[in-house]
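Numbering (our numbering), first residue to last: 1031 to 1190.
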């Protein structure tokens, strides 16, 4: 009887020990991750036509202004800038300027005269995700500019 009891205890210990070993079984995985540089800019669309059609007597023509468009920016890097440039030069006597509102912590260069050479419009952009920032265009003409047919220029915005 004692032998039977010992056998029963050993069998119970073996079953319980096996259950514990089965519960302790595990597996592993290796997770690889990375965050790459993110520098994205988008504009809300095209501004309305800039039409110079009036002047005060004795003054240069009244500039045409449009502030109906915006831009969005996301960067996870520090000290970035937005540069702006035209695809083609402006005709003689016409000047097209752009002013970008700066995202938080950055600095706007103010009204920048657009040309085919990229220029800084905003500097000091660091780790920001912001939208709805105003873009203002101003077209000026001297009185030496004759009536001109409608033309277009493409403005390129680049984060550097």
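No residue lacks a Cβ here, since even glycine has one placed at the ideal position from N, Cα and C.
Contact annotation, residue 1114 with residue 1151: C-beta distance approximately 5 angstroms; criterion of less than 8 angstroms satisfied. In terms of Cβ geometry, residue 1097 and residue 1091 do not form a close pair [threshold 8 angstroms]. Bounds of the beta strand (DSSP E) holding residue 1100 are 1094-1105. Three or more beta-carbon pairs drawn from the region 1101-1113 and the region 1058-1074 are found closer than 8 angstroms, and the two stretches are therefore classed as touching. In the DSSP annotation of this structure, the continuous segment of the beta strand (DSSP E) that includes residue 1124 starts and ends at 1124-1130.
Here the C-alpha atom of residue 1155 lies approximately 16 angstroms from the C-alpha atom of residue 1129. Only residues of its own chain outside the window of five on either side were considered, and among them 1121, 1124 have a CB closer than 8 angstroms to the CB of residue 1178, listed in chain order. Secondary-structure assignment with DSSP links residue 1073 through a beta bridge to 1101. Residue nearest to residue 1111 within the set 1132, 1182, 1095 is 1132 (criterion: CA-CA distance). Closest option to residue 1118, judged by alpha-carbon separation, among 1181, 1053, 1080: 1181. Per DSSP, the unbroken beta strand (DSSP E) holding residue 1154 starts and ends at 1149-1155. If you compare the alpha carbons of 1055, 1126, 1160 with that of residue 1134, the shortest gap goes to 1160.
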